[in-house]
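Here is the structure we will look at.
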Amino acid sequence: MSRDIHRLAVGTFAPMLRNLSTWIDKAAAGRADPDALTAARLAPDMYDLAQQVELACRHAADTVARLTGRPPSPPTEAQDLASLARLQALIARTVSAVEAAPASGFAGAEDRDIRLPLNPQMEFRFSGERLLRDWGLPHFYFHLVTAYDILRHEGAAIGKQDYLAQVADAITPLGAP
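Using the numbering used here, the first residue of the sequence shown is number 94, and each one after it goes up by one.
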């Protein structure tokens, strides 16, 4: 099953982060000040685009780290997210880190005891499988979709084909072998 955990984690995080990178490029095209997008948000009480991208990257990287028995990386500082170029660099580093995790590093991941501090007196306790299913993937997709929605709200010419770009190779003529 650890091979399945590896395939699901790496096979989800890396392609969707690449899609995010493409959405950002498309959103920046033709804008006088593309870096202004980093501060865009859907509502006053929601994180801006920069923070949504940082959190999507953090959940991907942290989930893979924890599943492979490594400690998570510290969060990226807000000042390091002030431009689209810096967001793109963060995405690229995250994809590289996720893809660098060898399948063998996931051995026993489904049953690994993983603890996430909640506050000084409480913690979440997950198996690796539950961490991926109930924590890592939902948080990742929440921030990924919110970033997508911010970019759409800001007029980016992106659509469902951009969101699901990783399945384009599965389109075949009806009845093809």
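Beta carbons are placed, not taken as given, at the ideal position from N, Cα and C, and that holds for glycine.
- In the displayed model, Arg218 falls within a strand according to three-state DSSP.
- Taking all protein chains shown into account, Ile264 has fewer than 16 neighbouring C-beta atoms within 10 Å of its C-beta and is therefore exposed.
- Check the Cα spacing between Arg223 and each of Leu237, Val157 and Val146: the tightest is with Val157.
- Of Pro210, Pro231 and Glu203, the smallest CA-CA separation from Gly221 is found for Glu203.
- A direct Cα-Cα distance of roughly 20 Å separates Phe233 from Ala132.
- In this structure, Arg151 lies near Pro168, with their beta-carbon atoms less than 8 Å apart.
- Straight-line spacing of the CA atoms in Arg111 and Ala194 works out to 17 Å.
- Residue nearest to Ala175 within the set Val146, Ala196, Arg159 and Leu267 is Val146 (criterion: CA-CA distance).
- The residue among Leu148, Asp173 and Met215 with its C-alpha nearest the C-alpha of Pro165 is Leu148.
- By the CB criterion at 8 Å, Ala258 and Ala120 fall outside the cutoff.
- Nearest C-alpha to Ala143 among Leu160, Arg124 and Glu170: Glu170.
- Runs of beta strand (DSSP E) with 3 or more residues, each lying fully within the stretch 177 to 258, are found at 206 to 212 and 215 to 220, listed in chain order.
- When the five nearest sequence neighbours on each side are left out, the beta carbons in the same chain lying within less than 7 Å of the beta carbon of Pro127 are those of Ala121 and Leu177, in order along the chain.
- In the structure shown, Ser114 falls within a helical segment according to DSSP collapsed to helix, strand and coil.
- Considering only Val103, Arg179, Met109 and Pro210, the residue with the shortest C-alpha distance to Thr161 is Val103.
- Buried is the label assigned to Gly229, since at least 16 other Cβ atoms lie within 10 Å of its Cβ.
- In this structure, Ile243 keeps its C-beta atom at 8 Å or more from the C-beta atom of Arg159.
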